[in-house]
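Trainee: Pasting a structure below so you can have a look.
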Ligand code: C2O
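Residue numbers (full-length UniProt numbering): 16 to 360.
Here you go:
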C-alpha cells in the first residue's frame, strides 16, 4: 500500500481557514514548514509508570494544585513554543477547520465528522499529557476526565471553576450545580435535575449500546484521501454527548457559543481536555461492550498519520495504528461504574 492511499496533512500548506462562515482565522504554526524535521513515533518504554486518568469530580487538592501548576506553566510559554497552551489550542484549530491540505491534493483535511475523530483526539491528548507532565517533572501525570456519563459527574467539575482551569467564555447559567443536558442543541431542556439525569442515562445507553452496534455507527464514516473520498457521517458519540456538550459549555453571547461551541476556539478552554479525555474513554468502553479489538482493519485508516510536537520539542509522526492499545501508550482509565449500561429505555 502506498503513501497516497492514506490520509496525511501537507505540512507546507497551512493557510487561513473558516472558524465560522463569517470568520476567517489563522491558526498555523510560526515555524518555517520547509525546515521541519520529524521522527517516527516510538512507544514509551514499557517500564514507564502507567498514567491513570481519574474522574475530575473525585480528585483531591494535591492533584488539583499539581495540574493547575502544569497549566499555568503551559500558559506562560511564548507562542513560539509549540508546547504553549495557545499553540496546543491552535493545533486543534488547524486540524478541525481544515487549515492543512491533504498531502497529495489541495483538498483540505478535517478530522471531524468521520473515522479520524477518535484516533486524532487520542493522539492530541497523549502529547498534551506528556507535555504537561514534563513541565512539572512528573512522568506519572495523567489528565483528568469529565465523567459526564455518571450522575455525580454531570455538572462542570468544580476544579474547572477556579484559576487557571476556569475560562471566561462559558455559559454562566450552566455553572454548577446545573446538571448538563448531554443532548443540548440550542435551548434549555427545562427538566429538573433528577429528570435530566435519567434522560442523560437513557441517551448514553442509546449512543454507546443500542445505537452503536455497528462499527461505522460509532466510529463515523470512512474518509479517504482525494476527491470524492470525503464523507460527513459522525459517529453516535461524536454527535452527542461530544458536540452537544461543546455547545452546552460555550457562552450563549457568542455566535457559535464560543469558545467551546466552535472548533477553532474550543481547545482554548481547559475543560476541553477533560471533556475529550472522557470521549476517549468512551471509545474504550464501547470496545469492551461490543468486543471489538481492532475497530477498523482498513489499511487506509490504520496507516493514516499526523504530526505532533512532544515534550522535548521534537516533531513526531504518528499513525492511527499506533494509538489502538492504551497500555502501549502507558496510560489507563480508572474503572468507574457505568450507570447507564442497564438503562434500556
Ligand atoms: Cu476536535 Cu471536541 O473537538
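Heads up, the beta-carbon is just placed ideally off N, CA and C, and yes, glycines get one too.
From a predicted model like this one, the values you see are computed outputs, not experimental measurements.
#1: How would you label residue 109, buried or exposed, when you count the other beta carbons within 10 angstroms and need 16 or more for buried?
#2: What do you reckon, are the CB atoms on residue 284 and residue 182 nearer than 7 Å?
#3: Nearest-angstrom Cα distance between residue 205 and residue 195?
#4: Is the beta carbon of residue 272 less than 7 Å from the beta carbon of residue 262?
#5: Who are residue 116's beta bridge partners in DSSP?
#6: Should residue 111 be counted as a contact of ligand 1 given a C-beta to heavy atom distance under 6 Å?
#7: Is DSSP giving residue 94 helix, strand or coil here?
#8: Can you tell me the Cα-Cα spacing of residue 306 and residue 339, whole angstroms?
#9: Report yes or no: do three or more beta-carbon pairs, one from the segment 305-322 and one from the segment 171-190, lie closer than 8 Å?
#10: Assuming residue 334 is part of the beta strand (DSSP E), what are its boundary residues?
#11: Out of 357, 69 and 265, point me to the one whose CA is closest to residue 279's CA.
#12: Figure out for me which residue from 43, 164 and 147 has the closest Cα to the Cα of residue 98.
#13: My assumption, with CB atoms under 8 Å, is that residue 166 sits in contact with residue 69. Please give the rounded CB distance.
#14: Among 324, 58, 304 and 349, which has the Cα closest to the Cα of residue 293?
#15: At which residues does the beta strand (DSSP E) containing residue 347 begin and terminate?
#16: Am I right that residue 290 and residue 161 are in contact with their C-beta atoms under 8 Å? What's the rounded C-beta distance?
#17: Please identify the residue among 33, 45 and 154 whose C-alpha is closest to the C-alpha of residue 345.
#18: Going by CA-CA distance only, name the one from 342, 328 and 321 that's closest to residue 334.
#19: Using 10 angstroms around the beta-carbon of residue 233, count the other beta-carbons present and answer buried if the total reaches 16, otherwise exposed.
#20: So, helix, strand or coil for residue 314, using DSSP?
#21: With distances taken from CA atoms, which of 57, 120 and 21 is nearest residue 27?
#22: Just how far apart, CA to CA, sit residue 227 and residue 49?
#23: Taking C-beta to C-beta, are residue 220 and residue 355 nearer than 7 Å?
#24: Within the chosen definition, does the segment 323-332 reach the segment 244-252 through at least 3 CB pairs nearer than 8 Å?
Mentor: With the structure as the only source:
#1: buried
#2: yes
#3: 11 Å
#4: yes
#5: 123
#6: yes
#7: coil
#8: 14 Å
#9: no
#10: 330-334
#11: 265
#12: 147
#13: Their Cβ separation, rounded to whole angstroms, is 17 Å, which puts residue 166 and residue 69 out of contact at 8 Å.
#14: 349
#15: 346-348
#16: 5 Å
#17: 154
#18: 321
#19: buried
#20: helix
#21: 120
#22: 43 Å
#23: yes
#24: no
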